[in-house]
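Here is the structure we will look at, set down as structure tokens.
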Amino acid sequence: EPEVTQTPSHQVTQMGQEVILRCVPISNHLYFYWYRQILGQKVEFLVSFYNNEISEKSEIFDDQFSVERPDGSNFTLKIRSTKLEDSAMYFCASSEEGRNTGELFFGEGSRLTVL
Amino acid sequence: AQRVTQPEKLLSVFKGAPVELKCNYSYSGSPELFWYVQYSRQRLQLLLRHISRESIKGFTADLNKGETSFHLKKPFAQEEDSAMYYCAPPGATNKLIFGTGTLLAVQP
Chain Z
7 EPEVTQTPSH
17 QVTQMGQEVI
27 LRCVPISNHL
37 YFYWYRQILG
47 QKVEFLVSFY
57 NNEISEKSEI
67 FDDQFSVERP
77 DGSNFTLKIR
87 STKLEDSAMY
97 FCASSEEGRN
107 TGELFFGEGS
117 RLTVL
Chain H
59 AQRVTQPEKL
69 LSVFKGAPVE
79 LKCNYSYSGS
89 PELFWYVQYS
99 RQRLQLLLRH
109 ISRESIKGFT
119 ADLNKGETSF
129 HLKKPFAQEE
139 DSAMYYCAPP
149 GATNKLIFGT
159 GTLLAVQP
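Set out below in structure tokens:
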């Protein structure tokens with residue numbers, strides 16, 4: 007069964023460093039998402055992406071964050087200059103349909119630790 | 059803006075006992091609601107959606123528009139049901155908003 011895959015599973019970085027988290031969505035899916043979960047807190051929406059552009063983003067997704075689909079398979083989340091409070095589990099998800107009807111398929115997450 | 063409330067952070071029940079995980083939403087449009095589950099060391103996955111009106115792993119959820127609730131129920135809990143459960147009303151835009159989640163612990 008196709009799955010969303012994420013790399014790395016865990017990354018440790020120094021504050022101020024750039025981080026790129028990678029995701030390979032399910033191949034026929036058209037909608038892509040990033041969510042994050044700070045330890046002990048809820049899963050928060052960051053950004054959705056469709057047709058090669060951001061369709062929606064939350065207030066968490068400030069100028070330090072960017073997303074890209076550099077080729078036909080990868081979907082990346084870049085954090086330009088990491089802060090301590092960026093430490094979290096980042097989940098990528100994809101869906102075949104949008105507009106409330108589609109099931110989201112999640113990756114296993116990338117744990118980011120900022121020191 | 060859509061909002062979802064899961065009032066219980068932790069729900070502990072004994073095996074065989076009934077389970078009800080509460081979810082209340084506030085959304086002005088016609089809601090389509092989902093329950094997602096995360097078992098230990100596994101990814102978030104869809105458990106059920108209200109529009110399909112199906113029962114998955116013995117769980118059901120009824121949309122009550124009057125009470126704006128979408129509680130998840132199971133008549134007899136099993137130990138393998140222990141997991142984190144998230145209610146998610148997607149609202150009008152192309153995203154899901156998750157509740158704070160309820161950790162269900164089923165004791166033997």
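If you read the sequences in order, they're chains Z and H.
Counted the way my numbering counts, the first sequence spans residues 7 to 121.
Counted the way my numbering counts, the second sequence spans residues 59 to 166.
By construction, the Cβ of each residue, glycine as well, lies at the ideal position given by its N, Cα and C atoms.
No experiment lies behind these values; they were computed from the predicted model shown.
In angstroms with no decimal places, state the Cα-to-Cα distance between residue i and residue j.
| i | j | result |
| --- | --- | --- |
| Asn122/H | Leu130/H | 12 Å |
| Ala75/H | Thr19/Z | 45 Å |
| Tyr41/Z | Ala146/H | 13 Å |
| Val49/Z | Thr158/H | 7 Å |
| Thr63/H | Leu121/Z | 33 Å |
| Gln43/Z | Arg107/H | 22 Å |
| Lys67/H | Phe128/H | 16 Å |
| Lys84/Z | Ile114/H | 37 Å |
| Ser61/Z | Gly113/Z | 20 Å |
| Ile66/Z | Asn80/Z | 22 Å |
| Gly116/H | Lys132/H | 6 Å |
| Phe51/Z | Arg75/Z | 18 Å |
| Lys89/Z | Gly124/H | 44 Å |
| Lys63/Z | Tyr37/Z | 13 Å |
| Phe156/H | Glu103/Z | 18 Å |
| Leu102/H | Ala94/Z | 15 Å |
| Gly46/Z | Tyr96/Z | 14 Å |
| Phe71/Z | Ala99/Z | 17 Å |
| Asn57/Z | Gln17/Z | 29 Å |
| Val77/H | Thr118/H | 11 Å |
| Val10/Z | Met21/Z | 28 Å |
| Tyr83/H | Asp120/H | 13 Å |
| Ser15/Z | Phe55/Z | 22 Å |
Counting only Cβ pairs nearer than 7 Å, list the residues of chain H close to residue i.
| i | result |
| --- | --- |
| Tyr39/Z | Lys153 |
| Glu109/Z | Leu104 |
What is the C-beta distance between residue i and residue j, in whole angstroms, given that I count them as a contact (C-beta under 8 Å)?
| i | j | result |
| --- | --- | --- |
| Ser101/Z | Leu110/Z | 5 Å |
| Leu79/H | Leu91/H | Wrong, their Cβ atoms sit about 13 Å apart, outside the cutoff. |
| Glu24/Z | Ser87/Z | 7 Å |
| Val53/Z | Tyr39/Z | 7 Å |
| Tyr97/H | Leu104/H | Rounded, the Cβ-Cβ distance is 13 Å, inconsistent with contact. |
| Leu162/H | Asp139/H | 6 Å |
| Asp77/Z | Leu118/Z | At roughly 23 Å, the Cβ-Cβ gap does not stay under 8 Å, so Asp77/Z and Leu118/Z are not in contact. |
Which residues in chain B sit within 7 Å of residue i, going by Cβ to Cβ distance?
| i | result |
| --- | --- |
| Thr158/H | In summary, chain B is missing from the structure at hand, where the protein chains are Z and H. |
Please compile the residues from chain Z whose C-beta is within a distance smaller than 8 Å of the C-beta of residue i.
| i | result |
| --- | --- |
| Arg61/H | Chain Z residues near Arg61/H: none, gap ~12 Å exceeds 8 Å. |
Whose Cβ in chain H lies nearer than 8 Å to the Cβ of residue i?
| i | result |
| --- | --- |
| Gly113/Z | Arg101 |
Taking the beta carbon of residue i as the centre, do at least 16 other beta carbons fall within 10 Å, making it buried, or is it exposed?
| i | result |
| --- | --- |
| Gln171/H | The question about residue 171/H has no answer here: the residues shown for chain H are numbered 59 through 166. |
| Tyr143/H | buried |
| Ser33/Z | exposed |
| Gln165/H | exposed |
| Lys153/H | buried |
| Phe72/H | exposed |
| Phe134/H | exposed |
| Gln100/H | exposed |
| Leu27/Z | buried |
### Query
Taking Cβ-Cβ distances below 9 Å as the criterion, which residues of the segment 46–71 of chain Z are in contact with chain H?
Within the segment 46–71 of chain Z, the residues whose Cβ lies closer than 9 Å to some Cβ of chain H are Gln47, Lys48, Val49, Glu50, Phe51, Val53, Ser54, Tyr56, Ser61, Glu62, Ser64, listed in chain order.
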